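Numbering-wise (UniProt numbering), the sequence shown opens with residue 1 and increments by one.
Beta carbons are placed, not taken as given, at the ideal position from N, Cα and C, and that holds for glycine.
Source: prediction; values computed, not measured.
Working notes, beginning with the structure itself.
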Amino acid sequence: MVIMIAAAAENDALGKDNDLLWHLPDDFKRFKQHTSGHHIIMGRKTFESFPKPLPDRVHIVITKQKEYRPEGCIVVGSMEEALSRVPANEDAYIIGGGQIYELGMAFADKLDITRVHARFEADAFFPQINPHLWKMTANEFHPKDDRHSYDFSFQAFVRK
């Protein structure tokens with residue numbers, strides 16, 4: 001199964017200047033729980049936003065830079081090539097950024113979205129979720145608290 005996992009604001013904002021716009025510890029925890037032990041597919045800028053590769057995951061980086069070779073990563077030139085590097089019986093998680101989500105939307109079977117209930121100025125956005133193509137199967141609301149500055153919901157969508 002191909003799963004896109006993202007945290008996106010009400011206006012689909014993902015980030016600005018290659019950084020996140022919020023700090024939601026429960027979202028980080030959920031991301032780790034879902035992606036650990038799996039292949040994660042991302043663009044070069046997303047990979048470079050990490051201080052180091054994420055543990056217990058196979059990193060597949062999509063880039064047009066032919067000489068790009070970060071240690072411990074599979075580097076490919078397209079979404080099709082990235083998906084071909086994932087064993088047939090394993091889930092693949094597409095983790096961003098905005099351009100990679102755009103490319104991945106046609107291949108995704110499921111969307112795991114943390115919807116941040118606010119609007120942000122951004123330069124990277126999640127593609128709009130077409131209700132004719134996607135059915136919401138879960139929507140779990142979490143109010144802001146002392147560790148989370150914004151209300152958010154964990155939402156799941158499956159392709160119709």
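Can you pull the DSSP bridge partners for residue 130?
For residue 130, which the question treats as bridged, DSSP gives no partner whatsoever.
Going by alpha carbons, who is nearest to residue 57 out of 65, 45, 36 and 27?
Ranking the options by Cα distance to residue 57, first place goes to 36.
How is the alpha helix (DSSP H) around residue 150 delimited, first residue to last?
From DSSP, residue 150 is part of no alpha helix (DSSP H); its letter is neither H nor E.
Once the 5 residues before and after residue 119 are set aside, which same chain residues still bring their CB inside 8 Å of it?
Within the same chain, residue 119 has close Cβ partners 9, 10, 11 and 13.
For residue 39, which residues does DSSP report across the bridge?
DSSP, once it has assigned bridges, lists 58 and 92 as partnering residue 39.
Determine, using beta carbons only, whether residue 140 comes closer than 8 Å to chain B.
Considering every chain present, this structure includes no chain B. It has just one protein chain.
Near residue 73, what residues of its chain come up, given a Cβ to Cβ distance below 6 Å and the 5 sequence neighbours on each side ignored?
Answer for residue 73: 59 and 61, listed in chain order.
Leaving out five residues before and five after residue 67 in sequence, what residues of the same chain have Cβ atoms less than 8 Å from its Cβ?
None.
Taking just the CA atoms, how far does residue 154 sit from residue 115?
Each residue's Cα considered, the two are about 6 Å apart.
For the alpha helix (DSSP H) that contains residue 114, what are its first and last residues?
No alpha helix (DSSP H) contains residue 114, which is instead part of the beta strand (DSSP E) from 110-116.
I'd like to check one pair, residue 124 with residue 15: are the Cβ atoms closer than 8 Å?
Contact flag set, yes.
Note down, in chain order, each residue of its chain lying with its Cβ closer than 8 Å to the Cβ of residue 64, except the 5 sequence neighbours on either side.
Contacts found: 77.
Within 10 Å of its beta-carbon, does residue 133 have 16 or more other beta-carbons around it, so buried, or fewer, so exposed?
Under this definition residue 133 is an exposed residue.
How would you label residue 23, buried or exposed, when you count the other beta carbons within 10 angstroms and need 16 or more for buried?
The residue is exposed, with fewer than 16 neighbouring Cβ atoms inside 10 Å.
Can you round the beta-carbon distance between residue 86 and residue 34 to whole angstroms, since I take them to be within the 8 Å contact cut?
Between residue 34 and residue 86 the Cβ distance is about 15 Å, and since that is not below 8 Å, they are no contact.
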